[in-house]
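Going line by line, the protein sequences match chains A and B. Heads up: the first sequence runs through residues 1 to 528, numbered per the UniProt record's numbering. Heads up: the second sequence runs through residues 1 to 528, numbered per the UniProt record's numbering. Below you'll find the structure, written out as structure tokens, and then a few comments.
Number of protein chains: 2
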Amino acid sequence: MKSLILFAAITIFSFTETISFKAQAQNPEKQSQPNIILFMVDDMGWQDTSVPFYKETTELNKKYHTPNMERLAKMGVKFTQAYATSVCTPSRVSLQTGMNAARHKVTNWTAYNENQPTDEPYPGIKFPSWNYNGLSPVPDTPNTVYATPIAEILRENGYYTIHVGKSHMASYPTLGADPRNLGYDLNIAGNAVGGPKSYLGTENFGNQVKGGYTPAAIPGLELYHGKDVFLSEALTLEAKKALDNARFLQKPFYLYMAHYAVHAQYKPDMRFYQKYLDEGLGKQEAEYAALLQGMDKSLGDLMDYLEKYNLAKNTIIMFMSDNGGLTLVPPRGGKAFTHNLPLKSGKGSTYEGGIREPMMVYWPGVTKANSTNNQTIIIEDFFPTILEMADIKNYKTVQKIDGKSFAPYLRNNALRDSSRALIWHFPNNWQEGSQRSKEYKIVSETEGIGPSSAIRLGDWKLIYFYGLRKTELYDLKNDIGEHHNLVTEFPKKAMELTQLLNKKLEEEKAQFPTDKTTGKILKPIFKP
Amino acid sequence: MKSLILFAAITIFSFTETISFKAQAQNPEKQSQPNIILFMVDDMGWQDTSVPFYKETTELNKKYHTPNMERLAKMGVKFTQAYATSVCTPSRVSLQTGMNAARHKVTNWTAYNENQPTDEPYPGIKFPSWNYNGLSPVPDTPNTVYATPIAEILRENGYYTIHVGKSHMASYPTLGADPRNLGYDLNIAGNAVGGPKSYLGTENFGNQVKGGYTPAAIPGLELYHGKDVFLSEALTLEAKKALDNARFLQKPFYLYMAHYAVHAQYKPDMRFYQKYLDEGLGKQEAEYAALLQGMDKSLGDLMDYLEKYNLAKNTIIMFMSDNGGLTLVPPRGGKAFTHNLPLKSGKGSTYEGGIREPMMVYWPGVTKANSTNNQTIIIEDFFPTILEMADIKNYKTVQKIDGKSFAPYLRNNALRDSSRALIWHFPNNWQEGSQRSKEYKIVSETEGIGPSSAIRLGDWKLIYFYGLRKTELYDLKNDIGEHHNLVTEFPKKAMELTQLLNKKLEEEKAQFPTDKTTGKILKPIFKP
Numbered sequence: 001m002k003s004l005i006l007f008a009a010i011t012i013f014s015f016t017e018t019i020s021f022k023a024q025a026q027n028p029e030k031q032s033q034p035n036i037i038l039f040m041v042d043d044m045g046w047q048d049t050s051v052p053f054y055k056e057t058t059e060l061n062k063k064y065h066t067p068n069m070e071r072l073a074k075m076g077v078k079f080t081q082a083y084a085t086s087v088c089t090p091s092r093v094s095l096q097t098g099m100n101a102a103r104h105k106v107t108n109w110t111a112y113n114e115n116q117p118t119d120e121p122y123p124g125i126k127f128p129s130w131n132y133n134g135l136s137p138v139p140d141t142p143n144t145v146y147a148t149p150i151a152e153i154l155r156e157n158g159y160y161t162i163h164v165g166k167s168h169m170a171s172y173p174t175l176g177a178d179p180r181n182l183g184y185d186l187n188i189a190g191n192a193v194g195g196p197k198s199y200l201g202t203e204n205f206g207n208q209v210k211g212g213y214t215p216a217a218i219p220g221l222e223l224y225h226g227k228d229v230f231l232s233e234a235l236t237l238e239a240k241k242a243l244d245n246a247r248f249l250q251k252p253f254y255l256y257m258a259h260y261a262v263h264a265q266y267k268p269d270m271r272f273y274q275k276y277l278d279e280g281l282g283k284q285e286a287e288y289a290a291l292l293q294g295m296d297k298s299l300g301d302l303m304d305y306l307e308k309y310n311l312a313k314n315t316i317i318m319f320m321s322d323n324g325g326l327t328l329v330p331p332r333g334g335k336a337f338t339h340n341l342p343l344k345s346g347k348g349s350t351y352e353g354g355i356r357e358p359m360m361v362y363w364p365g366v367t368k369a370n371s372t373n374n375q376t377i378i379i380e381d382f383f384p385t386i387l388e389m390a391d392i393k394n395y396k397t398v399q400k401i402d403g404k405s406f407a408p409y410l411r412n413n414a415l416r417d418s419s420r421a422l423i424w425h426f427p428n429n430w431q432e433g434s435q436r437s438k439e440y441k442i443v444s445e446t447e448g449i450g451p452s453s454a455i456r457l458g459d460w461k462l463i464y465f466y467g468l469r470k471t472e473l474y475d476l477k478n479d480i481g482e483h484h485n486l487v488t489e490f491p492k493k494a495m496e497l498t499q500l501l502n503k504k505l506e507e508e509k510a511q512f513p514t515d516k517t518t519g520k521i522l523k524p525i526f527k528p
Numbered sequence: 001m002k003s004l005i006l007f008a009a010i011t012i013f014s015f016t017e018t019i020s021f022k023a024q025a026q027n028p029e030k031q032s033q034p035n036i037i038l039f040m041v042d043d044m045g046w047q048d049t050s051v052p053f054y055k056e057t058t059e060l061n062k063k064y065h066t067p068n069m070e071r072l073a074k075m076g077v078k079f080t081q082a083y084a085t086s087v088c089t090p091s092r093v094s095l096q097t098g099m100n101a102a103r104h105k106v107t108n109w110t111a112y113n114e115n116q117p118t119d120e121p122y123p124g125i126k127f128p129s130w131n132y133n134g135l136s137p138v139p140d141t142p143n144t145v146y147a148t149p150i151a152e153i154l155r156e157n158g159y160y161t162i163h164v165g166k167s168h169m170a171s172y173p174t175l176g177a178d179p180r181n182l183g184y185d186l187n188i189a190g191n192a193v194g195g196p197k198s199y200l201g202t203e204n205f206g207n208q209v210k211g212g213y214t215p216a217a218i219p220g221l222e223l224y225h226g227k228d229v230f231l232s233e234a235l236t237l238e239a240k241k242a243l244d245n246a247r248f249l250q251k252p253f254y255l256y257m258a259h260y261a262v263h264a265q266y267k268p269d270m271r272f273y274q275k276y277l278d279e280g281l282g283k284q285e286a287e288y289a290a291l292l293q294g295m296d297k298s299l300g301d302l303m304d305y306l307e308k309y310n311l312a313k314n315t316i317i318m319f320m321s322d323n324g325g326l327t328l329v330p331p332r333g334g335k336a337f338t339h340n341l342p343l344k345s346g347k348g349s350t351y352e353g354g355i356r357e358p359m360m361v362y363w364p365g366v367t368k369a370n371s372t373n374n375q376t377i378i379i380e381d382f383f384p385t386i387l388e389m390a391d392i393k394n395y396k397t398v399q400k401i402d403g404k405s406f407a408p409y410l411r412n413n414a415l416r417d418s419s420r421a422l423i424w425h426f427p428n429n430w431q432e433g434s435q436r437s438k439e440y441k442i443v444s445e446t447e448g449i450g451p452s453s454a455i456r457l458g459d460w461k462l463i464y465f466y467g468l469r470k471t472e473l474y475d476l477k478n479d480i481g482e483h484h485n486l487v488t489e490f491p492k493k494a495m496e497l498t499q500l501l502n503k504k505l506e507e508e509k510a511q512f513p514t515d516k517t518t519g520k521i522l523k524p525i526f527k528p
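As structure tokens, then:
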């Protein structure tokens, strides 16, 4: 017996080790924080909806059926002049960090694997060493921007943070490739993938049956493999489970609902496809329209969920897209560069078709039902806006925030500010697919796809194309289609905007392309 | 326009790439396959329940309250002579592979990190190079056993396979450390961890708040971090979600519900703790009893789920533990080596207290309600039994199966076979905690904790202790407590069993310990 007692005395240390934890704080004072859903669509153009964002209902508005977007538009406010960047990753990094692309320098889309700049070669141009590895939650990862992501701040202030769908904020295996390293408590189906290999559960969303990594395959939705479930539906079902978690936790939630839709490559969503064929659309455009409506159904399903569980009155819904609609043919049907009309061009271009987005906000008790707002806002503005909505003040970030909260325009729909200049910076060239032709490059030049910077002030918009050494000036109020370059008529305005653009780029420590022949750094210039 | 058409022709290849998949088969002929729940408890002793497994209700049966085990016992059959191995990993590998431990050679428990044999030194003994890295789904991983796991066969035959809780079948980072590599469609909270760092959600189940690996922390239950949710409850809530998945899939399911309970280190499950204090138990034993009852509630919750969704009539429930009850003091309260009475010793020992398990089966329409069966069965028998229950025939495995289906005893409760010899092989020494004392080793010798092999045939049980070079023979029918060594009285029987044991060990290509001084391989011998 004595031996047992001695044994007891000796081994007790290995069993009674205790752990001291600070439980993840749920600040009781913050219990009134609203839930927030940011419903983010991929590659959706300004006109890809039955909700009219132009002053009149267009042919495109008539082509697409998005009844749940109409429902949201009736509940809240639509912004007719909301902007993103012209390609995916820069917008997403701006959203997560509040930084303008010139500052964060993830100026083009990121490849799945690290250290692979994605620029399409452009004659005479050498691209800068931009942050082609994306966003990083830690410093000192080469070619990444180190920043405090919005979800981390929300989580630290009591939110349950949910990432659903496309992430595409950094390259594998840097830390930012996993949303859980960017402040998200839960990640469903997001990683370094940009465009989905397949939308079809019957095709395992592009995954090989037997394990291993398949390029561009969607991760983490094994439940639906082999099932006739479209990707947008699978993400919605999983998002609702995540909201169940939030209800269990009795925490406010931030749901970043980032659909892979409506990115290529298109597959028919059979719930809606036949209808569009019947309406006379060709195979490709019917697939695209069905993809849009499947995304729209997801929005409706989430709104239904909020109503079912009595959450609607305390849940903000924001709707946004990350860049303009794709207008290459194929994969789109019809005539190239017509898919965002009346806007010019589309994804990858600095013209309006590449950067203007369908945006809506419903903030219960704050936004006015069925209202419209033409204040200009830009993607990085979501960062301070969301934190303001969440009543989070005095937060600290390692980065300087360029975005401005648009909450004031939500609170007062009549408020306007035309004194703020918005800028776009793209010292890159968009690459889509691996095949390019000389003919395409010629078209790209006329369609604004190439290295460029731009500024908008009031109704004026100035674009500088580095490759062409060309300045264009438009009056968007009277020329939304950017048909009439006014540099000759308004040289003083062009000069003023060129200077302001340079000043802002300098402030944000922008990187510039260089002239391959002379080695000289190229900056926006204007010679009347 | 011509240029656009050419562009179209060139780029079409990058967008129309198609994928050819074979959807995961759900064989329509197998639609009548039953659902199967294997409810596996960790370190639960034969008497750790209010269900009497001995011929009479014991003091221990009165001490613990497991109403849902009583409910299951009333529905089905309890096996009073069901066996496992004396420590965790060997049992789990036998279960997944159908192999006896002598054959699979994962004869002791596996450490979290690879290449770390866990044997406690034993005087004069050199241990063999056993498979201390555990089970592997691929060949050629050093010190692993390559085998076809049961979940893989079930999955390939239409089952949705769910792993919940403790896995502990291989060391990190070998493939077997992740249940998803062992045939499980879904893994909740299982990896290379054996004993849980903490049962408390308020302690994040042992995880540090800020990422990174924490030794013995439970993975994947972040939802419950900081919440007052006990681990057994969190696993149950997640298991029910997994069953929701199965209903969505309309597939039969195999749920391997492997609780971390009732492994040390103990923490009070506040749902049941106070009651046991009130009944006069000390802190440690009240914690243990509450841990048992929390596990029991999980069983009840799953049974309720089956009834709610009308699945009870087509769902088999099997209840099992992986080794005998822990009887070291501390962490247990009371007197050491008394926690499995009337059985001798406990976890880590080859005496009955280390290997006899509380086992029950409910097979709707097959097992007889409220029945008892004293047929001997052993852990590897679950493999062929489950596959027979699932109506899967002619399956192929890379390993030879030692287990025998006990389905015949479920179909006919009167059937008995006393001609089959069961063997245990443990050329190791159990290590629990990192502190050991000389006194403990002396006790261990008298309690059967040390390198040994054993055989049971009919009511006879023979044990050979390699370190002590000692043979013991017991008549379990008349001496369940293994108090009377009968070698002197029955030398012929001892010789016969020693020979049979050696024959079986040879058949299974067992590894043996060696004499450290002479370098001679030690095998069970008996000299009358």
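Quick reminder that beta carbons are idealized off the backbone N, C-alpha and C, glycines included. The model shown is predicted, which means the values in this text are computed figures rather than measured ones.
Other residues of its chain near residue i: CB distance less than 7 Å, five sequence neighbours each side excluded
{"i": "residue 516 of chain A", "result": "124, 125 and 126"}
{"i": "residue 475 of chain B", "result": "459, 460 and 486"}
{"i": "residue 63 of chain B", "result": "289"}
{"i": "residue 24 of chain B", "result": "Interpretation of residue 24 of chain B is limited by its pLDDT of 37, a score under 50 that renders its predicted location unreliable; no figure is taken from the coordinates."}
Residue i versus residue j: straight-line alpha-carbon distance, rounded
{"i": "residue 257 of chain B", "j": "residue 379 of chain B", "result": "16 Å"}
{"i": "residue 108 of chain A", "j": "residue 118 of chain A", "result": "7 Å"}
{"i": "residue 481 of chain B", "j": "residue 384 of chain B", "result": "31 Å"}
{"i": "residue 72 of chain B", "j": "residue 271 of chain A", "result": "45 Å"}
{"i": "residue 206 of chain B", "j": "residue 112 of chain B", "result": "15 Å"}
{"i": "residue 240 of chain B", "j": "residue 363 of chain B", "result": "20 Å"}
{"i": "residue 524 of chain A", "j": "residue 427 of chain A", "result": "11 Å"}
{"i": "residue 316 of chain B", "j": "residue 37 of chain B", "result": "6 Å"}
{"i": "residue 346 of chain B", "j": "residue 430 of chain B", "result": "12 Å"}
{"i": "residue 529 of chain B", "j": "residue 447 of chain B", "result": "Nothing about residue 529 of chain B can be read from this structure; chain B reaches only from 1 to 528."}
{"i": "residue 245 of chain B", "j": "residue 53 of chain A", "result": "40 Å"}
{"i": "residue 355 of chain B", "j": "residue 449 of chain B", "result": "12 Å"}
Under the three-state DSSP convention, the category residue i falls into
{"i": "residue 338 of chain A", "result": "coil"}
{"i": "residue 3 of chain A", "result": "At residue 3 of chain A the pLDDT is 38, less than 50, meaning the model places this residue with poor confidence and gives no usable figure here."}
{"i": "residue 195 of chain A", "result": "coil"}
{"i": "residue 248 of chain B", "result": "helix"}
{"i": "residue 452 of chain B", "result": "strand"}
Close beta carbons around residue i, own chain, < 8 Å, minus the five adjacent residues each side
{"i": "residue 500 of chain B", "result": "421, 455 and 457"}
{"i": "residue 136 of chain A", "result": "144, 145, 146, 147, 170, 174, 175 and 176"}
{"i": "residue 338 of chain A", "result": "327"}
Neighbourhood of residue i by C-beta, 6 Å cutoff - its chain only, sequence neighbours within 5 removed
{"i": "residue 434 of chain B", "result": "Because the pLDDT of residue 434 of chain B is 35, which lies under 50, any placement of that residue in the model is unreliable, and the number read from its coordinates should be weighed accordingly. None."}
heavy atom of the ligand HEM below 7 Å from residue i C-beta
{"i": "residue 503 of chain A", "result": "For the ligand HEM, the structure offers nothing, since it holds no ligand at all."}
Between the segment 165-176 of chain A and the segment 135-146 of chain A, do three or more beta carbon pairs fall short of 8 Å?
yes
Residues of the segment 168-188 of chain B with a CB closer than 7 Å to any CB of chain A: list them in chain order, please.
185
Give, in chain order, every residue of the segment 235-246 of chain B whose Cβ lies closer than 9 Å to some Cβ of chain A.
237, 241, 244 and 245
Just by C-beta distance, which residues in the segment 101-123 of chain B are closer than 7 Å to chain A?
none
Count the C-beta pairs between the segment 63-81 of chain B and the segment 291-298 of chain B that are closer than 8 Å, then say yes if the count reaches three, no if not.
yes
Hey, is the segment 148-163 of chain B in contact with the segment 386-394 of chain B, meaning 3+ C-beta pairs nearer than 8 Å?
yes
Name, going along the chain, the residues of the segment 222-234 of chain B whose beta-carbon falls closer than 8 Å to a beta-carbon of chain A.
222, 223, 225, 226 and 227
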